[in-house]
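According to our numbering, the residues represented by the sequence shown are 13 to 344, in order. Think of the CB as a built atom: it goes at the ideal place given N, C-alpha and C, for glycine as much as any other residue. Values in this document were obtained by computation on a predicted structure and should not be read as measured data.
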Amino acid sequence: MFNGKNILITGGTGSFGKEYARVLLRDYVPNKLIIYSRDEQKHYEMSQSFDAPCMRFFVGDVRDEDRLKLAMHDVDFVIHAAAMKHVPIAEYNPMECIKTNINGAQNVINAAFACNVEKVIALSTDKACSPINLYGATKLASDKLFTAANNIAGTRRTRFSVARYGNVVGSKGSVVPFFAKLIAGGAKELPITDERMTRFWITLEQGVRFVLKNFERMKGGEIFIPKIPSMRIIDLAKAMAPELGHKIIGIRPGEKLHEAMIASDDAMHTFEFSDHYVIAPSTKHRLEDFSQNAIGEKGELVKSEFAYSSDKNTLWLDEAGIKQMIKNTPKV
């Protein structure tokens with residue numbers, strides 16, 4: 013599907029963008045792979061590791077619609093990964109988060125329409141489900157913008173969908189490198205927000221594979237959610253440093269005890285497939301049957317009041333499973 017195609021990744025110099033580029037270059041032969049990001053230093057660093065002739069490093073901000081239109085010229089597929097995502101920083105700088113995560117999302121949509129892009133998938137987060145912090149609220153708004161964009165596509169070929177998943181093992185700013193830095197620095201104990209805290213858990217490559225597959229599955233308007241395991245933060249600390257003690261520091265502002273990816277209010281629009289869920293758009297102008305996707309996979313409508321949360325998950329990682337997942341995760 014990606015051979016001979018032009019692909020653009022917003023936020024492409026981040027953890028996800030680099031892994032996406034690695035997998036695309038390893039498994040496919042794209043015509044162009046455009047890395048779009050506002051950080052020139054990250055562009056330089058990434059260009060030292062990725063030197064495929066098809067790659068283009070395009071400095072630009074998703075807040076700049078005109079620059080996006082230039083970058084999307086002749087592009088077939090867009091992966092929208094650019095976002096402000098640090099919860100405390102977003103709480104302190106709310107308008108900056110809104111400009112990037114909401115205004116930036118609309119700019120990507122406008123540019124995709126203007127450039128006749130075929131398919132766009134935007135990355136979301138479990139924090140967009142019943143959000144209690146600004147980051148989650150902006151990503152929920154972004155999800156709504158992308159799913160609703162299909163309603164105004166008209167005769168244009170452009171279609172938009174969303175991929176939502178949980179914490180990514182080893183991504184920059186996440187808990188694994190944070191704990192690793194403390195351990196390497198000789199810490200005597202690891203800070204734990206709450207012993208009951210749980211999170212969904214996915215590797216970078218799993219996330220990339222999920223997004224790649226959804227380009228084949230999508231009709232437009234879906235929110236795709238993978239079936240992934242949960243883990244307890246306390247088990248992560250024990251797996252990484254069994255000899256260290258723990259200090260309970262309390263939940264930070266804007267943080268949940270448990271995360272969810274599907275709220276019970278979405279059950280009436282949610283279909284369960286073998287390895288993922290799909291939240292169908294609640295408002296649509298095209299008559300689509302979302303119980304079957306574009307490649308013929310079939311799903312069933314979930315039961316009323318169904319919810320998908322990290323504390324009530326049926327898949328769990330124990331300490332051994334956590335260790336194995338961290339071991340198999342490349343450094344980014």
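**Asked** P265: buried (16+ other C-beta within 10 angstroms of its C-beta) or exposed?
**Response** exposed
**Request:** Say whether the segment 299-306 touches the segment 171-184, bearing in mind that this needs 3 or more beta-carbon pairs closer than 8 Å, one atom from each stretch.
**Result:** no
**Prompt:** With 16 as the cutoff for other CB atoms within 10 Å, does G262 come out buried or exposed?
**Reply:** exposed
**Message:** Short of 8 Å in beta carbon distance, which residues of its chain neighbour A272, apart from the five on each side in sequence? Order them along the chain.
**Reply:** D138, C141, S142, A319, Y320, S321, S322
**Prompt:** Would you call the segment 272-285 and the segment 249-262 in contact, with 3 or more CB pairs under 8 Å?
**Reply:** no
**Request:** For Y320, name the three-state secondary structure that DSSP assigns.
**Result:** strand
**Prompt:** Do K324 and D287 have their C-beta atoms closer together than 8 Å?
**Reply:** no
**Prompt:** Since E284 sits in a beta bridge, which residues does DSSP pair it with?
**Reply:** Y289, E312
**Any alpha helix (DSSP H) of 4 or more consecutive residues that is wholly inside the segment 56-87** = 77-83
**Prompt:** What residues in its chain sit with their C-beta under 8 Å from that of S201, if we drop five residues either side in the sequence?
**Reply:** The question names Ser, yet the displayed sequence has Glu at residue 201. Excluding sequence neighbours, E201 sits near L256, G257, H258, K259.
**Asked** Touch check for the segment 71-82 and the segment 110-119: three-plus C-beta pairs under 8 Å?
**Response** yes
**Asked** What's the gap between the Cα of I204 and the Cα of P293?
**Response** 37 Å
**Prompt:** Would you report the Cα separation of P189 and G23, rounded to the nearest angstrom?
**Reply:** 20 Å
**Request:** Under 6 Å Cβ to Cβ from E300, same chain only, skipping five residues before and after it: list those, please.
**Result:** K231
**Residue burial classification, D155 (beta-carbon count within 10 angstroms, cutoff 16)** = buried
**Request:** Express the C-alpha separation of I235 and E228 in angstroms, rounding to a whole number.
**Result:** 14 Å
**Request:** Flag this pair as yes or no: are the beta carbons of L20 and I46 separated by less than 8 Å?
**Result:** yes
**Message:** Restricting to Cα atoms, I'd like to know which of A123, K339, V220, Y147 is closest to A165.
**Reply:** A123
**Message:** For Y289, tell me which candidate among E31, N145, V314, S49 has the shortest Cα-Cα distance.
**Reply:** V314
**Asked** What do you get for Y177, buried or exposed, if any count of 16 or more other CB atoms within 10 angstroms of its CB means buried?
**Response** buried
**Asked** With respect to the alpha helix (DSSP H) encompassing E331, which residues constitute its N-terminal and C-terminal limits?
**Response** 331-339
**Message:** Between which two residues does the alpha helix (DSSP H) holding R38 run?
**Reply:** 27-39
**Burial state of R168, where buried means 16 or more other Cβ atoms lie within 10 Å** = exposed
**Message:** For D63, count the other beta carbons within 10 Å of its own beta carbon; 16 or more makes it buried, fewer makes it exposed. Which is it?
**Reply:** exposed
**Message:** Using only CA atoms, which one of V132, Y104, F285, V220 lies nearest to G308?
**Reply:** F285
**Request:** Under the assumption that L157 contacts Q218 (Cβ atoms under 8 Å), give the Cβ distance between them as a whole number of angstroms.
**Result:** About 26 Å; that fails the 8 Å criterion.
**Request:** Give a yes or no on contact between the segment 212-226 and the segment 33-40, applying the rule of three or more CB pairs nearer than 8 Å.
**Result:** yes
**Item:** Which listed residue (K30, A102, E57, N43) has its alpha carbon closest to that of V87
**Value:** N43
**Request:** Ignore the nearest five residues each way along the sequence and tell me which others in N128's own chain have a CB closer than 8 Å to its CB.
**Result:** R168, R169, T170
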